[in-house]
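Numbering (the working numbering), first residue to last: 579 to 833.
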DNA sequence: CCAGACGTTGTT
DNA sequence: GTCTGG
DNA sequence: CCAGACGTTGTT
DNA sequence: GTCTGG
């Protein structure tokens, strides 16, 4: 769950919504209606200023790469499988616990995508999947997913290029509400009142555990979209257009 | 001691 | 890097 | 999450 | 079937 989302808000809007003054994003990076693992998107983190590591952490918005690459990884490929971390175990897993204890992030999303198998069988004998877009009922309300981030040093980076790759994962939990009808897992969120403590590296893991929560019942809306979203090469506002649900096979043959 | 994993989801 | 399994 | 590759040698 | 890339 939560393997694709939309991140299209201008960074200026994100900076305002999350009270971030330190914008370190790449102005070349376009809005992304099809944000997928291994791609970069804006993420909010908080770190002490470089010149004084004992000073209070300051918020930054940066383009991080989705798919957490642990610091000990031999290559970055492992990241494509580390896109989610279970809330139940994130504090214990060797790959995640260090990040969870001191490198938590807020992942701002317009909404996220889910695929539900249908009755209709496609070629290959596998059920066709209907994609849905799930988003805050109030589009003005920023949805901040609970995330963790990690640094990885590329020992084989070419001279002159930045050898540091900064990656993130989205924390998931059991789905309990309407979203649970599409999937049994859903992303954790952090509400605005908890942003400060969540981002603070000094907040311990046990406290952080209590700061995240599943999005509240009724706070999310969901609608069917076209399968354009399936292919990550497709992008743009068309992906968010409501579309008819995939119908039964008999209907398709009748036309 | 060394070797090998280190993760999640969904589907059968 | 650190833990688990053998 | 889905799509697409999954391989090597030698030659252009 | 399974892994990698996006």
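Glycine included, each C-beta is placed from N, C-alpha and C at the ideal position.
Span of the alpha helix (DSSP H), counted from its first residue to its last, around residue i
i	result
residue 678	675-680
residue 774	773-777
residue 783	783-789
residue 594	589-595
Contact set for residue i: own chain, Cβ-Cβ below 7 Å, skip 5 residues either direction
i	result
residue 607	618, 641
residue 833	Note that residue 833 has pLDDT 40, beneath the 50 cutoff, so the model's placement of it is unreliable and the number below is only indicative. So the list is empty, once near-sequence residues are dropped.
residue 789	768, 772, 775, 776
residue 688	584, 585, 586, 587, 713
8 Å Cβ shell around residue i - same chain, five flanking residues per side excluded
i	result
residue 593	599, 601, 639
residue 726	646, 663, 668, 674, 677, 678, 681, 682, 683, 746, 747, 749
residue 715	796, 797, 798, 799
Helix, strand or coil at residue i according to DSSP, with G and I counted as helix
i	result
residue 828	Residue confidence is low: residue 828 scores 49 on pLDDT, short of 50, so the model does not pin down where it sits. No coordinate-derived value is stated.
residue 816	helix
residue 698	strand
residue 613	strand
residue 641	strand
residue 662	strand
Candidates the options: closest to residue i by CA position
i	options	result
residue 646	742, 699, 704, 637	742
residue 749	793, 800, 665, 679	665
residue 686	718, 732, 627	718
residue 623	732, 814, 778, 668	778
residue 637	682, 796, 703, 702	682
residue 656	728, 789, 720	728
residue 813	787, 611, 680, 605	611
residue 653	609, 720, 730, 604	730
residue 720	824, 595, 590	595
residue 816	763, 822, 734, 806	806
Contacts around residue i, its chain only, beta-carbon distance under 6 Å, and the 5 residues preceding and following it disregarded
i	result
residue 765	580, 723, 748, 750
residue 828	Bear in mind that a pLDDT of 49 at residue 828, under 50, signals an unreliable position, so the number given afterwards is only what the model happens to contain. Here the set comprises nothing.
residue 784	none
Bridge-paired residues (DSSP) for residue i
i	result
residue 689	584
residue 724	684
residue 730	743
residue 763	752
residue 798	714
residue 636	625
residue 803	820
residue 600	638
Terminal residues of the beta strand (DSSP E) in which residue i lies
i	result
residue 621	618-625
residue 708	705-714
Cβ-heavy atom distance, residue i to the ligand MN, below 7 Å
i	result
residue 727	In the structure shown, the ligand MN is absent, as is every other ligand, since no ligand is present at all.
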